[in-house]
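Trainee: Here the protein sequences line up with chains A and B, keeping their order.
Numbering-wise, the first sequence is residues 348 to 455 according to the working numbering.
Numbering-wise, the second sequence is residues 80 to 587 according to the working numbering.
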Amino acid sequence: MNSHTINGSIRILSSEKIDVRYVAKLARIALTDDEVERFGTQLSDLLEHVDALSRLDVSQVAATAQVVESRNVERPDEERPCLNRETVLTEAPQRQGGFFRVPRIIAE
Amino acid sequence: MSETMSAREARGPHEVGGAEARPERRFEAVIGIECHVELKTRSKMFCGCPNEFGGEPNTNVCPVCLALPGALPVANTAAIEHMIRAGLAFNAEIPAFSKFDRKNYFYPDMPKDYQISQYDMPLTQGGVVRYWLDDGTMKECRLTRIHLEEDTGKSTHAGSGDGRIAGSTYSLVDFNRAGVPLMECVSEPEIHSAEEAVGYLESLRRTLQQIGVSDVKMEEGSLRCDANVSIRPVGSTELGTKTEIKNMNSFRSVHRAIESEIERQIAVIESGGRIVQETRGWDEVKGVTHSMRSKEQAHDYRYFPDPDLVPLEVSRAVVERIRAELPELPPARFVRYTTQYGLDVKQATQLIDNVALALYFDEVVNASGNAKQSTNFVLGDLSRLANETQTPVHASPVTPAHLAELIALVEGKTINSKIAKDLIERMWRGEGSPKAIVEREGLAQTSDPAAIEKFVDDVLAANEKSVGEYKAGKTNVIGFLVGQVMKASKGKADPQLVNALMKQKLES
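1) List the residues of chain A whose Cβ lies closer than 8 Å to the Cβ of Glu135 of chain B, in chain order.
2) Mapping the DSSP letters down to three states, classify Pro574 of chain B as helix, strand or coil.
3) Alpha carbons only, please: which of B:Thr235, B:Phe125 and B:Asp294 is nearest the one belonging to Glu228 of chain B?
4) For Pro440 of chain A and chain B, any beta-carbon pair shorter than 8 Å?
5) DSSP three-state call for Thr411 of chain A: helix, strand or coil?
6) Using a Cβ cut-off of 9 Å, pull out every chain B residue sitting near Glu421 of chain A, in sequence order please.
7) For Gln443 of chain A, collect the residues of the same chain with a Cβ closer than 7 Å to its Cβ; drop the 5 residues on either side in sequence, then sort them by chain order.
8) How about Val208 of chain B: is its C-beta nearer than 8 Å to some C-beta of chain A?
9) When DSSP labels each residue in this structure, what does Ile452 of chain A get in the three-state scheme?
10) Regarding Pro312 of chain B and the ligand ATP, is the C-beta to nearest heavy atom distance less than 7 Å?
11) Under a three-way DSSP split, which group does Asn170 of chain B fall into?
12) Please name the residue in B:Tyr380, B:Arg285 and B:Gly133 whose C-alpha comes closest to that of Tyr198 of chain B.
13) In chain order, what residues of the stretch 394-423 of chain A put their CB closer than 7 Å to some CB of chain B?
14) Hey, does Arg451 of chain A have any beta-carbon neighbour from chain B nearer than 8 Å?
15) Thinking Gly59 of chain B and Lys451 of chain B are a contact (beta carbons under 8 Å), I'd like their distance in whole angstroms, please.
16) I'd like to check one pair, Glu117 of chain B with Val207 of chain B: are the Cβ atoms closer than 8 Å?
17) Name the DSSP beta bridge partners of Met217 of chain B, please?
18) Return the chain-ordered list of same chain residues with a C-beta closer than 7 Å to the C-beta of Asn326 of chain B, the five sequence neighbours on each side being excluded.
19) Quick one: using the 10 Å Cβ neighbour count with 16 as the cut-off for buried, is Leu393 of chain A buried or exposed?
20) From this set, B:Thr470, B:Ala474, B:Ala523 and B:Asn466, which residue's C-alpha is nearest Leu485 of chain B's C-alpha?
21) Count the other CB atoms, across all protein chains shown, that sit within 10 Å of the CB of Arg331 of chain B; report buried if there are 16 or more and exposed otherwise.
22) To the nearest angstrom, report how far apart Pro423 of chain A and Pro148 of chain B are at their CA atoms.
23) Could you compute how far the alpha carbon of Ile557 of chain B sits from the alpha carbon of Cys220 of chain B?
24) What would DSSP say about His481 of chain B, mapped onto helix, strand or coil?
25) On the CB-based measure, 16 or more other CB atoms within 10 Å of its CB, does Gln575 of chain B come out buried or exposed?
26) Val435 of chain A touches chain B at which residues, Cβ-Cβ below 8 Å?
27) Can you pull the chain B residues whose beta carbon is under 8 Å from the beta carbon of Leu373 of chain A, in chain order?
28) Go through its chain and collect everything with a Cβ distance to Leu151 of chain B's Cβ below 8 Å, but skip five positions before and after it.
29) What number of angstroms, rounded off, separates the C-alpha of Pro471 of chain B from the C-alpha of Ala465 of chain B?
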């Protein structure tokens, strides 16, 4: 667990001008300069909205990680039927034998 | 904690890098260990696909673990209970509230492009792993946390000739492992040598295996570990720059990799260099770690609560039920065996690693009240017979009660140790109560001096040559003569008595 990950998230959410290229890179999205401009404005608007929310007094509101109220939705440890492998691999862009074949992996 | 600290202080800071090589003790190693452990469940973490090792590729998959659109994960109760079980075994805190988060990154063996994990509210917090070293010293290493996540699929890199990712032209992915429940167990940096690292891992592995949460087989990947290693000058309390060591496939390679990395870091520092924070892979063949760094960049996983999974409220009743079900754990057993029963480290460890035998042993000790003889018989004759016949001791016809009876016969000098050895073989073959055999066949030891004297006189009379040799100074022939008496008495004579009487007669 790396603390810089937390810092990383905080940095993105609280900066005044969002680094759209960085966010796009994390999401593996290629953007044109026009798009960077356009999404930058839209995302900044969103962040401003979040800023507005963070100015609210929520001292009387319990913290939550979910908007639905249900808890402990679980399943018993039982096996269920799997998909047929041919069905699964039919949809694969590339296959080799029983495997999915994927392009060369470039380590980061 | 205090016990460990004082023990460490008493011996001074831990020496690293080999005593002969660096007698000056300039550096101390600081090591933290991260383990990934696949949980033993019937089905996967968030779907009903079988959790099994070694199936045909991509046969244990469904819309949930393949991340097909619209599929919804539902948490496996057994996996959550395993987490609580593991947390309690290490004396961790089990918070009343927990949740799942998404850890976002891209990799071909992770179909959702995020991994369901736990970020700031794991199922267990803190805890401590108690372990022991080969010399019997007890140590402790605190845990930061244990959290629950899902395993990824498995990639096989092809085209590079050696199966490595470097130089490969494509990869093959099997998603059978994707979604298998996985616990990540993170230690504090409180380990100071390769030996301690292995002791820690052994204890962790034994405990997880014995509480039934995992098979912990490194060779099948159900236990995987990385080590964070740094060094600092002895006496310093600051942490040095650490490297993360990967690709260690056995405890032996963990030991070798850590030793090698400590030596490398010392050499770098002593030659005026700096340690670079990086991931290093252990090369089993060359016996060195090598940099796996490509583009060093801080990961940004953008954790957020998984909206597909509702939070968990962990009921205290469930926690208490699981706590009550926990067996005696390896460190407690180790302390009991070594301090209360006087076993040595090897004997204690041998029993701890064979729980069925340890439970059997405990019953024998309880019934006989004699730990020493129980150890001798259980780890000696019975274990030998178990090996020879490929039958576990606890499944053999020798019940703990019968073995205790045998021990009482030996202790009460009703039979000697030679008869005892014969008896245990017969008990193993199913002849039942040793007391009954002894009574039925008159095997009780003869301690009657008159009877023994007769045997001794007969043997002396029949072996004049040996008697002459003894008198000429070749006193070790007494062993042969005593042996003749034992043979004549069919093993029933009290050997000590025979020996004393024989000596007396020869020297008179």
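Note that CB positions come from ideal geometry on N, CA and C, so glycine has one too.
Mentor: According to the data block:
1) Residues of chain A whose Cβ lies closer than 8 Å to the Cβ of Glu135 of chain B are, in chain order, Arg432 and Gly445.
2) It is helical.
3) When each option's Cα is compared against that of Glu228 of chain B, the closest is B:Phe125.
4) Not one chain B Cβ lies under 8 Å of Pro440 of chain A.
5) Taken through DSSP and simplified to helix, strand or coil, Thr411 of chain A comes out as coil.
6) Under the 9 Å cutoff, chain B gives Val153, Ala154, Asn155, Thr156, Ile159 and Leu391.
7) Same-chain partners within the cutoff: there are none.
8) For Val208 of chain B, not one C-beta of chain A is nearer than 8 Å to its own C-beta.
9) In the three-state reduction of the DSSP assignment, Ile452 of chain A falls in the coil class.
10) Ligands in the displayed structure: none, and consequently the ligand ATP is not present.
11) Correct three-state label for Asn170 of chain B: coil.
12) Here the closest residue by C-alpha is B:Tyr380.
13) For the stretch 394-423 of chain A, which is checked against every Cβ of chain B, the residues closer than 7 Å are Ala412, Gln413, Val415, Ser417, Arg418, Asn419, Val420, Glu421, Arg422 and Pro423.
14) At least one chain B Cβ lies under 8 Å of Arg451 of chain A.
15) The structure shown does not extend to residue 59 of chain B, since chain B is modelled only from 80 through 587, so no value can be given for it.
16) With respect to the 8 Å criterion, Val207 of chain B and Glu117 of chain B are not classified as neighbours on the basis of their beta carbons.
17) Answer is B:Trp211.
18) Within the same chain, Asn326 of chain B has close Cβ partners Gly360 and Trp361.
19) Leu393 of chain A is exposed by the Cβ-count criterion.
20) Ranked by how close their Cα comes to the Cα of Leu485 of chain B, the residues B:Thr470, B:Ala474, B:Ala523 and B:Asn466 have B:Ala523 in first place.
21) Exposed is the call here.
22) Rounded to the nearest whole angstrom, the C-alpha separation of Pro423 of chain A and Pro148 of chain B is 23 Å.
23) One C-alpha to the other measures close to 57 Å.
24) In the structure shown, His481 of chain B sits in a helix (DSSP, three-state: H, G or I).
25) Classification of Gln575 of chain B: exposed, given that the 10 Å Cβ count is below 16.
26) Taking a Cβ-Cβ cut-off of 8 Å, the neighbours of Val435 of chain A in chain B comprise Asn137, Val140 and Leu145, given in sequence order.
27) Here the neighbours are Asn183, Asp379 and Arg381.
28) Around Leu151 of chain B: Val143 and Asp387.
29) Cα-Cα distance, rounded: 5 Å.
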